[in-house]
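Report on the structure given below.
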Amino acid sequence: DAPDYASHNVVGTASQVSAMARAGVSGLVQASSMVVYGGGRELCPLHGEVATRPRMAADLAAGRFEPACIICGAPVTWGLVGEDARLQPHNAYAATKLAVAYWVRQNAVSDEWGRAGIRLNAIAPGMIATAMIEEGRSDATVAPQLDMFEQTIALGRAGRPEEMAALLAFLAGTESTFF
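Put into structure tokens, the structure is as follows:
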């Protein structure tokens, strides 16, 4: 999968912005992902915050899909990832997302892009009330994690798709001359 991730996320973004520059497009909004923080924050009931071990073929064959403590092998629960969490992309997908986020950060203020009037924005919206989230609410394992995550949101709820659509329309539109 690594070549596909690199091709779609990194090369795809580079191709997109190059074509935009040639066409005179004046803005781009790039979505990001929490995956750049790694697997999240895993908590072992015996050892507290731990790293998890890679999924083993025997675990998958036995139907054990959840991560396990790297020390004792016990199932872990998920904890909240703080704003100060260090970036730790553990897989090719995460690394390519991080590369795109860094590219936007570096180029948004460059002579070639930002100072030339081409606005670049990257957003990482967090939890948005999508069909996938609703499906997770019916899962006994996932639902408590979603509830815990939702409690960390200042408004106490997930974002709505129409709110994201309005933000994206504004950032990409002609009224957004500063962002």
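Numbering (my numbering), first residue to last: 298 to 476.
Virtual Cβ for every residue (Gly too), placed ideally from N, Cα, C.
Nearest to residue 409 by alpha carbon, out of 357, 345, 324, 303?
324
Taking all protein chains shown into account, decide if residue 364 is buried (16 or more other Cβ within 10 angstroms of its Cβ) or exposed.
buried
Looking only at DSSP bridge pairs, what is residue 349 linked to?
According to DSSP, residue 349 bridges with 366.
Going by Cα to Cα distance, which pick from 344, 352, 414 is closest to residue 322?
The shortest Cα separation from residue 322 among 344, 352, 414 belongs to 414.
Exposed or buried, what is residue 459 when buried is set at 16 or more other beta-carbons lying within 10 Å of its beta-carbon?
exposed
Given a cut-off of 8 Å, decide if residue 377 and residue 476 are closer than it, judged by their beta-carbon atoms.
no
Beta-ladder partner(s) of residue 319, from DSSP
For residue 319, which the question treats as bridged, DSSP gives no partner whatsoever.
For residue 441, name the three-state secondary structure that DSSP assigns.
helix
Over the uninterrupted alpha helix (DSSP H) stretch that includes residue 465, give me the two end residues.
458 to 469
In three-state terms, what does DSSP make of residue 300?
helix
Quick one: what does DSSP say residue 326 is sitting in, helix, strand or coil?
strand
Could you give the DSSP three-state label for residue 416: helix, strand or coil?
strand
Quick check on this structure: which residue in 411, 457, 412, 406 has the alpha carbon closest to the alpha carbon of residue 428?
457
Output the distance between the C-alpha atoms of residue 373 and residue 356, rounded to the nearest integer angstrom.
If you draw a straight line from the Cα of residue 373 to the Cα of residue 356, it is about 14 Å long.
Could you check what DSSP says for residue 339 in three-state terms: helix, strand or coil?
strand
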